[in-house]
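Peer 1: Residue numbers (our numbering): 2 to 185. Sending over a structure as structure tokens; questions will come in a sec.
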Amino acid sequence: MLTELQEKKQYLFFRLLDSDRDGFISTDDFKSIGENICIMQGIELDTKVFRQIDEASQKLWMDIREYNDASRQDKCSIEEWLAFADDQIVNCDEAWYDNYINAVVNGLFLLFDSNGDGLISDREFLKIFVSFRVEVRSTSSCFRKLDLNNDDHISREELINAVKEFLRSDDINASGNWLFGDWN
């Protein structure tokens with residue numbers, strides 16, 4: 002069962018995924034996120050790279066479809082999202098979870114580590130925020146919270162830590178809580 006804090010963070014994540022703000026997430030919302038990523042990275046739409054990003058953005062949608070009420074034509078409500086998060090993210094098999102987090106972080110680095118140095122700079126982090134429609138005014142403070150060693154970059158390990166803390170931590174002071182901006 003999700004804790005109150007975990008549920009609060011999942012509400013934030015759900016709102017970020019609900020691109021059209023209709024109270025549901027759907028395949029169109031995931032397509033919109035993929036398009037935003039391509040726009041932020043200067044990737045032409047309807048290219049091979051665009052199609053790969055679109056396929057990757059659709060993967061999560063396919064994972065949650067079994068939690069959807071079929072009567073709504075492939076839309077996921079917040080209640081269904083919370084059931085998915087509880088079952089498939091917070092209380093799932095640890096080996097699967099670690100593989101999933103590593104795949105997510107690797108994907109983020111492939112998309113946003115523009116210079117290929119294995120680090121996310123503050124400018125690259127801003128592109129993540131814009132791609133997911135996160136309020137950009139908090140980008141700098143969130144970046145500093147996630148940069149655990151204060152070297153002005155977010156390493157792969159720091160991002161893995163942040164994603165894991167955002168998804169599972171029940172510690173109100175965990176730095177990963179700030180992965181997607183001000184969650185309060």
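Idealized CB from N, CA, C, for every residue including glycine. Since we're looking at a predicted model, the values are computed, not measured.
As a quick exercise: from R157, I161 and L147, pick the residue whose alpha carbon is nearest that of D183.
Peer 2: Along the sequence shown, one-based indexing puts residue 183 at 182. Residue L147 is the option with its Cα nearest to D183.
Peer 1: Excluding the five sequence neighbours on either side, which residues of its own chain have a C-beta within less than 6 Å of the C-beta of W62, listed in chain order?
Peer 2: The sequence position of residue 62 within the sequence shown is 61, counting from 1. Result list for W62: T28 and F31, in chain order.
Peer 1: DSSP state of I26, grouped into three classes?
Peer 2: On the sequence shown, position 25 is the one that residue 26 refers to. Looking at I26 - three-state DSSP - the assignment turns out to be strand.
Peer 1: Residues bridged to L18 by DSSP?
Peer 2: Taking the sequence shown and counting its residues from 1, one reaches residue 18 at position 17. Per DSSP, L18 has no beta bridge partner at all.
Peer 1: If the criterion is Cβ atoms closer than 7 Å, does the pair L180 and F167 meet it?
Peer 2: For the purposes of this step, residue 180 is identified with residue 179 of the sequence shown, where counting begins at 1. For the purposes of this step, residue 167 is identified with residue 166 of the sequence shown, where counting begins at 1. Contact: yes.
Peer 1: Quick one: measure Cβ to Cβ for D123 and D153, integer angstroms, because I've assumed they're closer than 8 Å.
Peer 2: Numbered from its first residue, the sequence shown carries residue 123 at position 122. Numbered from its first residue, the sequence shown carries residue 153 at position 152. At roughly 7 Å, the Cβ-Cβ gap stays under 8 Å, so D123 and D153 are in contact.
Peer 1: Restricting to Cα atoms, I'd like to know which of I121, Q74 and N107 is closest to I155.
Peer 2: Here residue 155 refers to the residue found at position 154 of the sequence shown. Nearest option by C-alpha distance: I121.
Peer 1: Is C77 helix, strand or coil by DSSP?
Peer 2: Translated into the one-based positions of the sequence shown, residue 77 becomes position 76. Correct three-state label for C77: strand.
Peer 1: Which term fits K128, buried or exposed, when burial requires 16 or more other beta carbons within 10 angstroms of its beta carbon?
Peer 2: Start at 1 with the first residue of the sequence shown, and residue 128 comes out as number 127. K128 should be labelled buried.
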